[in-house]
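I have placed the structure first, in the form of structure tokens, so that the comments after it can refer back to it.
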Amino acid sequence: MKSLTARELAEKLQGRLVGEGGIELRGPATLEEAQADAVAFYANPNYATAYAATKAGVVLVGRDVTRDNGACIQCENPYASFVTAIEFFRTRPVHTAGIHPQAVIAPDAVVDATACIGPFCVIESNARVGRNAALHANVFIGAGSTVGDDCVLYPGVVLREDTQVGHRVIIHSNAVIGADGFGFAAQDGQYKKIPQVGIVIIEDDVEIGANTTIDRATLGQTRIGAGTKIDNLVQVGHNVTIGKHCVIVAQTGIAGSTSIGDECRIGGQVGIVGHLKIGNRAAFGAQSGVAADVAEGEIQSGSPARPHSVWKRVEVALPRLPDLLRRVRAIEEKLGINKVNGK
Amino acid sequence: MKSLTARELAEKLQGRLVGEGGIELRGPATLEEAQADAVAFYANPNYATAYAATKAGVVLVGRDVTRDNGACIQCENPYASFVTAIEFFRTRPVHTAGIHPQAVIAPDAVVDATACIGPFCVIESNARVGRNAALHANVFIGAGSTVGDDCVLYPGVVLREDTQVGHRVIIHSNAVIGADGFGFAAQDGQYKKIPQVGIVIIEDDVEIGANTTIDRATLGQTRIGAGTKIDNLVQVGHNVTIGKHCVIVAQTGIAGSTSIGDECRIGGQVGIVGHLKIGNRAAFGAQSGVAADVAEGEIQSGSPARPHSVWKRVEVALPRLPDLLRRVRAIEEKLGINKVNGK
Amino acid sequence: MKSLTARELAEKLQGRLVGEGGIELRGPATLEEAQADAVAFYANPNYATAYAATKAGVVLVGRDVTRDNGACIQCENPYASFVTAIEFFRTRPVHTAGIHPQAVIAPDAVVDATACIGPFCVIESNARVGRNAALHANVFIGAGSTVGDDCVLYPGVVLREDTQVGHRVIIHSNAVIGADGFGFAAQDGQYKKIPQVGIVIIEDDVEIGANTTIDRATLGQTRIGAGTKIDNLVQVGHNVTIGKHCVIVAQTGIAGSTSIGDECRIGGQVGIVGHLKIGNRAAFGAQSGVAADVAEGEIQSGSPARPHSVWKRVEVALPRLPDLLRRVRAIEEKLGINKVNGK
């Protein structure tokens with residue numbers, strides 16, 4: 001972490017400093033955890049108590065907010081300014097350009113001179129690595145794969161052969177891109193492997209979580225659209241297409257050949273069956289099970305997934321079901337109805 | 001990809017060429033994506049429009065199907081022939097026999113001379129690797145483990161000590177076979193580790209997906225039967241036994257000591273609790289939660305899992321529950337029934 | 001495996017040997033699998049048939065249990081003694097102190113002389129590894145991270161920068177500790193990455209399963225309390241706090257900033273949404289979906305999770321719902337009620 005004075009920070013954020021400008025700040029922190037050398041932010045009135053009690057040297061606040069017990073910097077959007085402030089303090093891991101002597105690079109692979117290739121990386125034949133790309137230790141780049149400019153691949157990432165990764169893509173540790181799709185033809189009670197000869201394309205500005213798996217297509221492509229963010233332990237099946245600027249939370253699984261539109265939001269542990277079409281801006285609650293096409297902008301929850309409002313009413317009604325059974329029996333008795341299947 | 005003429009392909013597939021035999025083909029593709037140098041297939045009348053519009057150089061079709069705008073090859077089973085055709089075109093990654101100079105092999109490990117051991121592989125004491133086996137980069141084979149003939153282990157696979165892998169097994173990247181089972185004895189509010197001294201046995205022709213975990217037995221064996229195919233991110237607990245020719249889709253979890261029969265089909269994100277017996281040819285829908293023994297051939301869905309037909313009727317009835325509550329209240333009012341617990 | 005006589009084993013376990021003391025024992029086994037050179041245990045009368053039929057050389061039994069067809073050792077707690085016995089027989093993998101010549105250690109990293117660092121490990125700047133710690137092959141320790149005494153990190157484990165791991169911690173293969181939390185700020189329909197500058201703290205005696213992911217905090221800490229045991233493929237989000245002596249079964253996901261108390265028990269495939277407070281000794285059934293705070297000691301099941309007893313009654317009532325619809329229609333017909341929305 002670097003260090004900044006309150007005055008320097010206010011200038012960088014183009015905010016208005018109220019209080020002591022010489023306070024030395026060493027990094028960002030939450031209101032609760034901040035000490036005298038930290039900057040925190042206060043944007044949501046729910047945190048008024050924490051704001052009153054914080055020991056933070058400086059707090060980023062809204063334009064008309066003051067602070068009784070210390071300095072503050074008034075900003076248009078305190079949260080956005082805080083995110084910016086984090087970047088000022090951050091000591092980024094140094095990616096020194098160059099190839100570690102203990103990496104193995106195929107003679108016909110093309111690695112840009114500004115790229116950083118860590119120890120025990122393997123870059124196979126005909127692969128390409130772009131400008132300022134950082135491959136941490138133990139990364140595997142299969143034959144014919146490409147990694148664009150300014151990408152970061154953390155230790156243990158595997159890109160199988162012919163995978164295409166765009167620019168500014170971040171892939172977290174032990175994610176596997178381009179493993180064979182799960183395709184078998186049943187034949188006499190056994191399963192014969194269908195060769196998986198398609199590829200995976202990851203467009204620009206995608207982020208992929210740790211231990212996530214994105215399978216190569218049987219034929220053609222599995223594709224992740226620009227700007228989409230995928231969390232840890234997500235499964236993306238062969239020939240899936242995901243649009244641009246989607247968010248997919250941890251442990252979700254998307255089965256083969258399903259196509260997902262742009263700007264979709266998918267909660268954690270969601271399952272989406274294969275061969276579906278999900279429209280733009282669709283959203284799914286955590287643990288949903290999606291088994292049919294979904295129209296643009298629709299919000300669904302539950303397993304099987306239903307429109308969110310329907311699901312909510314069912315979930316509220318459900319605990320009353322045992323009592324409902326009792327009530328219907330009472331009615332039947334009163335009416336002298338001879339039940340056939342009811343017990 | 002290699003290249004073949006339409007005539008050569010027809011001969012290899014023992015099909016009947018209708019049209020120009022000299023067309024140069026460079027690989028397989030779907031009807032929609034195929035260009036003039038690709039072979040596609042048409043088996044399902046649902047794709048008639050795509051068939052009429054395809055630009056494929058050649059299409060594999062049924063015995064009595066013709067093509068207006070190009071060449072076709074009439075086959076008994078166009079889909080099966082297409083899978084075979086993929087193999088003709090495929091350029092398999094070359095596994096050159098031999099041990100990469102940057103692999104670490106214990107002096108008493110036995111690696112067949114025809115096996116291919118990639119860079120940064122570790123093969124520990126007493127391990128054995130069979131004929132034509134291919135261990136890609138960064139594969140770890142623990143002490144006493146064996147890998148059979150013609151196996152393929154992709155980068156990052158970990159086989160812990162004493163794991164036995166049969167012939168023609170494929171294990172995808174970062175899968176972990178033989179990690180300790182999750183076994184602890186509660187003792188005074190703390191958990192004491194129960195040593196996991198059993199092993200894992202993977203029989204012939206099994207395929208295991210990326211980032212899947214198969215734990216070693218506490219005592220005895222965890223066993224995956226011949227021909228079984230396991231997708232990505234699946235969890236198999238200690239002492240689980242899975243039969244032959246099963247299919248287990250991504251993100252399913254099977255808890256300790258459960259035994260699963262032959263030819264079972266298990267959907268994605270299924271959970272199966274421990275110590276159960278699942279009969280041969282049982283099948284579970286995606287996201288099922290199986291908490292009791294299941295008889296041979298039974299099909300279940302839902303969480304907790306129920307016979308599929310029961311589950312289906314419940315799922316259809318469920319959205320009507322809020323309305324049912326209203327209707328029963330109306331009946332009670334008409335009958336002047338004084339509800340006790342209903343609101 | 002070592003070997004012991006029945007007499008030696010009885011002495012070590014402080015049990016009473018009944019039968020032949022010279023029997024040579026080579027290891028532990030279950031009643032069903034044990035041969036004449038194995039020791040088994042019998043504690044649960046459900047296994048009386050297996051006990052009567054076992055070929056085990058010696059069986060550990062309760063204080064007043066006898067054996068007709070062989071030797072037994074009478075103990076206070078046969079199961080606990082069996083766990084102890086496993087340890088006597090166990091040949092632990094040898095961790096020879098020292099750094100493998102093919103590991104890459106930063107000049108300013110501090111590795112204790114008694115630690116074992118396997119081939120292709122990478123230990124970055126300022127990292128520390130404690131006494132008797134064993135890092136198997138391909139382990140990555142990021143800059144500034146610490147690994148305490150007597151830890152075991154299996155092949156492929158990744159600790160990102162500034163992760164703090166206590167003493168006697170076991171981390172299984174390909175687990176990723178300290179990857180970036182999943183935090184993005186929506187901005188003009190795109191997602192801007194929020195820098196994740198917090199850390200992960202793993203306290204003493206924790207065990208973490210294979211391919212599990214524990215994300216670093218946005219600010220502050222993600223923390224796993226002492227003695228907590230986490231199974232395979234579990235996701236722990238940024239800024240999550242887990243208390244002491246919890247058990248978390250495979251494929252569970254815990255979203256960001258949730259705090260979990262001490263001695264909680266969390267079943268497999270459970271999902272817990274973010275920003276919740278879960279009290280001490282709470283427990284969740286497998287596949288639960290927890291979406292609200294949970295009080296101390298509460299037991300919940302279902303998705304969305306409800307008190308276990310409520311959930312159980314609903315689950316029992318659910319299959320009767322289709323019949324209930326039929327019965328209510330019959331009542332309405334008898335009463336001449338004109339349904340409005342019912343079909």
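Protein chains in written order, with our numbering: chain B, 1 to 343; chain L, 1 to 343; chain A, 1 to 343. Glycine included, every Cβ here is placed at the ideal spot set by N, Cα and C.
- For residue 193(B), the uninterrupted beta strand (DSSP E) segment begins and ends at 190 to 193.
- Residue 287(L) sits close to residue 303(B), with the two beta carbons spaced by under 7 angstroms.
- By the C-beta density criterion, residue 309(A) is exposed, having fewer than 16 other C-beta atoms within 10 angstroms.
- 227, 229, 231, 232, 233: these are the residues of the stretch 221 to 234 of chain B whose beta carbon lies less than 8 angstroms from some beta carbon of chain A, given in chain order.
- A distance below 7 angstroms separates the beta carbons of residue 147(A) and residue 129(A).
- Going by DSSP, residue 222(A) is part of the beta strand (DSSP E) stretching over 221 to 224.
- At a C-beta separation below 7 angstroms, residue 148(A) has no neighbours in chain B, since its nearest C-beta there lies roughly 21 angstroms away.
- Residue environment for residue 173(A): buried (at least 16 other C-beta atoms within 10 angstroms of its C-beta).
- Residue 3(L) has its alpha-carbon roughly 24 angstroms from the corresponding atom of residue 181(B).
- Our two residues, residue 269(L) and residue 243(B), have alpha carbons roughly 23 angstroms apart in a direct line.
- Secondary structure of residue 6(B) (DSSP, three-state): helix.
- Residue 198(A) is positioned such that its CB atom lies closer than 7 angstroms to that of residue 220(A).
- Between the stretch 154 to 165 of chain A and the stretch 97 to 105 of chain A, the count of Cβ pairs shorter than 8 angstroms is below three; the stretches do not touch.
- Residue 254(A) has its alpha-carbon roughly 7 angstroms from the corresponding atom of residue 240(A).
- Chain B places a beta carbon closer than 7 angstroms to that of residue 179(A), counting this residue as a contact.
- Residues of chain B with a Cβ closer than 8 angstroms to the Cβ of residue 28(L) are, in chain order, 197, 219.
- For residue 88(B), the enclosing alpha helix (DSSP H) begins and ends at 78 to 89.
- Distance from the CA of residue 125(L) to the CA of residue 296(A), rounded to the nearest whole angstrom, comes to 49 angstroms.
- Neighbours of residue 245(B) across chain A, judged by C-beta separation under 8 angstroms: 189, 190, 191.
- By alpha-carbon distance to residue 165(L), the top candidate from 85(L), 260(L), 223(L) is 223(L).
- Residue 13(L) and residue 71(L) do not touch by the CB rule: their CB atoms are close to 13 angstroms apart, not below 8 angstroms.
- Residues of chain L with a Cβ closer than 8 angstroms to the Cβ of residue 284(B) do not exist, since the nearest Cβ in that chain sits about 13 angstroms away.
- Straight-line spacing of the CA atoms in residue 284(A) and residue 336(A) works out to 46 angstroms.
- Of all residues in the stretch 293 to 308 of chain A, those with a C-beta nearer than 8 angstroms to a C-beta of chain B are 303, 304, 306, reading in chain order.
- Residues of the stretch 110 to 121 of chain B with a C-beta less than 9 angstroms from any C-beta of chain A: 118, 119, 120, listed in chain order.
- By the CB criterion at 7 angstroms, residue 60(L) and residue 89(L) fall outside the cutoff.
- Among the residues of the stretch 55 to 81 of chain L, those with a Cβ less than 8 angstroms away from any Cβ of chain B are 79, 80, in the order of the chain.
- In the DSSP assignment, residue 124(B) is bridged to no other residue.
- Taking 8 angstroms as the upper bound for CB-CB distance, residue 110(B) and residue 121(B) are not in contact here, some 15 angstroms apart.
- Note: residue 287(A) is not bridge-paired with any residue in the DSSP secondary-structure output.
- The bridge partners DSSP lists for residue 153(L) are 135(L), 171(L).
- Contacts with chain B at 7 angstroms (Cβ-Cβ) do not include residue 15(L).
- Residue contact with chain B for residue 256(A): absent (no Cβ-Cβ distance below 7 angstroms to any residue of chain B).
- Residue 235(A) is classed as buried because its beta carbon has at least 16 other beta carbons within 10 Å across all chains shown.
- For residue 331(B), the uninterrupted alpha helix (DSSP H) segment begins and ends at 321 to 335.
- Membership of residue 301(B) in the beta strand (DSSP E) is indicated by the continuous run 299 to 301.
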